[in-house]
């Protein structure tokens, strides 16, 4: 499955975006608003290969760079090709390591590619984005998932040691609203037209857990894709990390940890107050309609944060809403591949994981069923079931978190395990968002094949090391009969002489288009209808 941001944009706003494929045709790269300010001869040296050709570049001010750069000029196409050859050499080495089974070398080289690309994005953004656009399917895994997960785990080693700026870090323990305004205003001096902010506190990074400020790699990666997939000027994109501590001792006390060495000891009210200050400061500095994407906040805060701000700002939570949009799009697309199931309402769904992603998907899925059938909210949730760490979510459970209550059905029994829940409910579709590998097992998939011809198996946890099962396992255990998707890419699998290409339920298929639509349309909020519209557009792109 794939979808262009422009298809989503036309559906969301009735507008049309701009497309680009090289440094010559990109509006923002050609005109160079993301070019650095050149104030002296020495300040040009880090940017001698930027290729902007704009009034602020040393090419237009030769006196500032006199004696500091060679007289010859290397054009942007040559720069991009040279960058590609450097990266390709590393990719070839990764392929060789994979072929030989050297996973450690493969991981190390992948992190080297990530660091190289991030450095290039800072020193020569035009070259970086032209390179990324020219080789997007190949490079996306090294800019975002799965490699960004490894980069966040070693953020100092991956990028922090370079001293390059990656965005804005805000100390949530000592900052006031006025100091946040000051920090953001300083950023605005060099980037006066910020339109999209991705903000995290690093508490729930992918399926890796609490990485503190080292979660900055996620906002950075998301915004790279806003540009590559949505055509949004990178100079108008701002990654932000709120430093609110880290509860993992091994990370917080590591010599290379770059954040406050303190646990997450803010109360819910204190957290809300800090985020209130940030949101008000961001809208004061950049404008009320600035798109703000919440990313990888912990479950205990994420739902409340979204509820507090979804009607007061142009904001959405990608883990709750973006994931839901791409998964519902995948489920809609799968209807043509599942014998005997023609509507979402014909499915029995069972989720492994009842946090942000699980409940977000379940809620949008119920919305989609209502659009499909005209049923009530209660009826739309009847065949959507959740399993959390304590077992099947039922109305008999005590002290359920608020976000789980709509899916707490009346059941005579409440199995404690996912496998027992599968045997009780006979689901036609299982969706894994638990960040727990090896939980979609052979007995589970074998049981599903006995009750439905084409079980839907979405093992969505990121990175691939956290997926509930692999593509090869899913196809092997179902004899190739399942409809499979994962959160990060798996290689094609040969099954009974035919090649199966695993689907990928990556948020990158929708969030750049949703962001572009919100920005271009001047939206003051992002709604469930918008997310459903994006899901329908995505399903229509199935190849």
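Residue numbers (mature numbering (1 follows the signal peptide of the UniProt record, and there is no 0)): -17 to -1, 1 to 526. Ideal Cβ placement from N, Cα and C applies to all residues, glycine included.
Here residue 489 is buried: its Cβ has 16 or more other Cβ atoms, across all protein chains shown, within 10 Å. Distance from the CA of residue 343 to the CA of residue 219, rounded to the nearest whole angstrom, comes to 28 Å. The C-alpha of residue 333 is placed about 32 Å away from the C-alpha of residue 500. Excluding the 5 residues flanking it on each side, residue 193 has same chain C-beta neighbours closer than 6 Å at 186, 229, 230 and 231, in chain order.
Taking a cut-off of 8 Å for Cβ pairs, the segment 365 to 384 and the segment 293 to 313 do not touch, as fewer than three such pairs fall below it. Here residue 120 carries a helix assignment [DSSP, helix/strand/coil]. Listed in chain order, the non-local C-beta contacts of residue 260 below 8 Å within the same chain comprise 158, 159, 160 and 163, local neighbours out to five positions each way being set aside. Secondary structure of residue 398 (DSSP, three-state): coil. Pairing residue 507 with residue 202, the inter-Cα distance amounts to about 22 Å. For the segment 136 to 215, the full-length beta strand (DSSP E) segments reaching 3 residues or more read 151 to 154 and 179 to 183 along the chain. In the DSSP assignment, residue 519 falls within the alpha helix (DSSP H) that extends over 511 to 522.
Distance from residue 89 to residue 80 at the Cβ level is roughly 4 Å; contact confirmed, criterion being Cβ atoms closer than 8 Å. Cα atoms of residue 129 and residue 485: separation of roughly 15 Å, rounded to the nearest angstrom.
In the three-state DSSP reduction, residue 220 falls in the strand class (E or B). Per DSSP, residue 81 is one residue of the alpha helix (DSSP H) stretching across 59 to 83. Between the alpha carbons of residue 348 and residue 60 lies a gap of roughly 45 Å. Within the same chain, 462 and 463 come within 8 Å of residue 479 by CB-CB distance, once the 5 residues on both sides are set aside.
From the listed residues 293, 127 and 176, the smallest Cα separation to residue 216 is found for 176. With a threshold of 16 other beta carbon atoms within 10 Å, residue 244 falls short and is exposed. For residue 276, the three-state secondary structure derived from DSSP is strand. Put simply, the segment 370 to 379 does not touch the segment 448 to 461. Fewer than three CB pairs are less than 8 Å apart. Rounded to the nearest angstrom, the gap between the Cα atoms of residue 459 and residue 429 is 10 Å. Distance from the CA of residue 423 to the CA of residue 517, rounded to the nearest whole angstrom, comes to 28 Å.
For the 9 Å CB-CB criterion, residue 190 and residue 242 do not form a contact. Straight through space, the alpha carbons of residue 324 and residue 155 are spaced by roughly 49 Å. For residue 467, the pairing in a beta bridge is given by DSSP as 440. At the C-beta level, residue 375 and residue 399 come within 9 Å of one another. By the criterion of a C-beta distance shorter than 6 Å, residue 115 is surrounded in its chain by 122 and 211, once the five residues flanking it on both sides are discounted. DSSP places residue 241 in the coil class of the three-state scheme, outside both helix and strand.
Residue 127 counts as buried, since no fewer than 16 other beta carbons sit within 10 angstroms of its beta carbon.
Cα atoms of residue 317 and residue 515: separation of roughly 16 Å, rounded to the nearest angstrom. If only complete runs of 4 or more residues are kept, the segment 347 to 388 shows the alpha helix (DSSP H) at 360 to 363, in order along the chain.
Annotation: the continuous alpha helix (DSSP H) that includes residue 261 extends over 251 to 269. Restricting attention to 365, 150 and 252, the CA atom closest to the CA of residue 171 is found in 150. Rounded to the nearest whole angstrom, the C-alpha separation of residue 394 and residue 338 is 21 Å. Scanning 277, 289, 352 and 292 for the CA closest to the CA of residue 314 turns up 352.
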